[in-house]
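Everything on this sheet refers to the single structure shown next.
The following block contains the structure:
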């Protein structure tokens, strides 16, 4: 973070200081998240901003990378939804099977 | 007689819960899984063809032709996923996210008017790899997926 922090602070006037501070806080916050996708997002955004500041990618490419990350997170959330729904189905059906095959037989 | 009646009512309740339950998702489908791997190959090849280090040079009509063919493959995979989906639409959504990504990458390349740099290629390919990884792991977490 210190490298990005130093580079950002040398690239604009004081009026942008608040935006820069907020940005750095958000990146730091994402990087310290326990959820790996949030941590990975913070690390990647930090890396891409550095590449942009160094002139290794242009503004269009930075924007493309950020939108690409957004779609990756959408895919992650979709895969989580599939996983939760599937687990719910397995648990529910196993429970019903257990009741039908064991519990009802024992009660009746 | 009372026990049989109780069992009958219980079974009806369970059937109603299962039929009316929109919480579940469609089961694993081998073709949908295969489509993800095929689309990934088509997607990665776009970057390998038109970035630094490739044998190819900038050729807009060749890029457009490649992307039109790819677009048809994404459309076919989307329609297939749609035909197999439950009301949660998670299958078609997974393909649509990848399709949108491909179109965005195509537009980036077209607007660039030259082949992509090694840096942007590596960063984009890393994202694409992760995105397809999530799509495939989602498919593999469905009921009846191979272990």
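Residue numbers (our numbering), protein chains in the order written: chain A, 5 to 112; chain B, 341 to 487. Note that the Cβ used here is the ideal one computed from N, Cα and C, for glycine as well.
By the rule that beta-carbons nearer than 9 Å mark a contact, residue 68 (chain A) touches chain B. Across the structure, residue 65 (chain A) and residue 407 (chain B) are spaced so that their CA atoms are roughly 19 Å apart. Counting C-beta pairs closer than 8 Å gives fewer than three between the region 423-442 of chain B and the region 21-30 of chain A, which falls short of the contact rule. Cβ contact annotation for residue 454 (chain B) (same chain, cutoff 8 Å, sequence separation greater than five): 398, in chain order. At a cut-off of 9 Å between C-beta atoms, residue 448 (chain B) counts as an interface residue with respect to chain A. In terms of Cβ geometry, residue 434 (chain B) and residue 376 (chain B) form a close pair [threshold 9 Å]. If you check each beta-carbon in the region 425-452 of chain B against every beta-carbon of chain A, the ones closer than 8 Å belong to 428, 430, 433, 434, 437, 438, 440, 441, 444, 445, 448, 451, 452. Taking the Cα of residue 393 (chain B) as reference, the smallest distance to any Cα among B:480, B:462, B:471, B:485 is reached at B:462. Between residue 367 (chain B) and residue 476 (chain B), the CB-CB gap reaches or exceeds 9 Å.
Secondary structure at residue 363 (chain B): coil, using DSSP grouped into helix, strand and coil. When CB distances to chain B are screened at a threshold of 7 Å, the residues of the region 75-96 of chain A falling below it are 75, 76, 78, 79, 80, 82, 83, 85, 86, 87, 89, 90, 92, 93, 94, in chain order. For residue 427 (chain B), no alpha helix (DSSP H) run applies, since DSSP gives it neither H nor E.
Taking C-beta atoms as the reference points, residue 442 (chain B) and residue 410 (chain B) count as a pair closer than 9 Å. The beta carbon of residue 484 (chain B) sits closer than 8 Å to those of 367, 368, all from its chain and outside the five residues before and after it, given in chain order. Annotation: residue 398 (chain B) is outside any alpha helix (DSSP H) and is labelled neither H nor E by DSSP. For residue 474 (chain B), the nearest beta carbon of chain A is closer than 9 Å to its own beta carbon. Contacts with chain A at 9 Å (Cβ-Cβ) include residue 478 (chain B).
With distances taken between CA atoms, residue 417 (chain B) lies nearest to B:436 out of B:405, B:400, B:403, B:436. For chain A, the residues of the region 360-383 of chain B that bring a beta carbon within less than 7 Å of one of its beta carbons are 363, 364, 365, in chain order. The Cβ-Cβ distance between residue 70 (chain A) and residue 61 (chain A) does not fall below 9 Å. Note on geometry: alpha-carbon atoms of residue 486 (chain B) and residue 480 (chain B) lie some 7 Å from one another. Taking 7 Å as the upper bound on Cβ-Cβ separation, chain A lies near residues 459, 460, 463, 464, 467, 470, 471, 474 of the region 454-474 of chain B.
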